[in-house]
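Residue numbers (this note's numbering): 1 to 111.
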């Protein structure tokens with residue numbers, strides 16, 4: 001009886017070890033939410049003469065996708081650009097889903 005318990009314990013340990021080693025590592029992003037948004041807004045397809053500022057209000061849905069709620073700017077072209085580039089783009093972050101966030105955005109002329 002003691003031998004059967006020992007063998008069962010050894011099998012349980014072996015199975016647990018094999019299963020934990022078989023998982024694929026999850027890639028974690030070291031970039032902040034702001035850095036990821038900045039990457040998504042790189043290289044606008046319109047001419048920028050001077051620095052343009054905007055405030056973007058967004059939230060994350062259940063799939064960690066950005067849902068743009070509002071873009072506060074006087075330039076309609078920038079508003080359309082930000083919404084087109086950010087809406088439903090998935091980001092890796094630990095932000096709370098369903099909560100509204102504000103982020104300032106500056107678009108500057110390429111040098």
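Where is the CB? At the ideal position from N, CA and C, for every residue including glycine.
For clarity, every value in this text was computed on a predicted model and none was experimentally measured.
Which listed residue (the options) has its alpha carbon closest to that of residue i
| i | options | result |
| --- | --- | --- |
| residue 36 | 107, 6 and 89 | 89 |
| residue 81 | 45, 106, 103 and 61 | 45 |
| residue 68 | 107, 6, 87 and 38 | 87 |
| residue 102 | 60, 3, 18 and 85 | 60 |
| residue 65 | 91, 72, 79 and 84 | 91 |
| residue 47 | 9, 75, 10 and 6 | 75 |
| residue 85 | 73, 104, 105 and 40 | 40 |
Beta-carbon separation (whole angstroms), residue i vs residue j, contact threshold 8 Å
| i | j | result |
| --- | --- | --- |
| residue 49 | residue 109 | 6 Å |
| residue 71 | residue 107 | Contact flag wrong, Cβ pair sits at about 12 Å. |
| residue 100 | residue 57 | 6 Å |
For residue i: DSSP bridge partner residues
| i | result |
| --- | --- |
| residue 54 | 105 |
| residue 59 | 67 |
| residue 72 | 55 |
| residue 35 | For residue 35, which the question treats as bridged, DSSP gives no partner whatsoever. |
Quick check: the stretch 90 to 100 against the stretch 47 to 56, are there 3 or more CB pairs under 8 Å? With a cut-off of 8 Å, the stretch 47 to 56 and the stretch 90 to 100 do not count as touching, because too few Cβ pairs lie within range.
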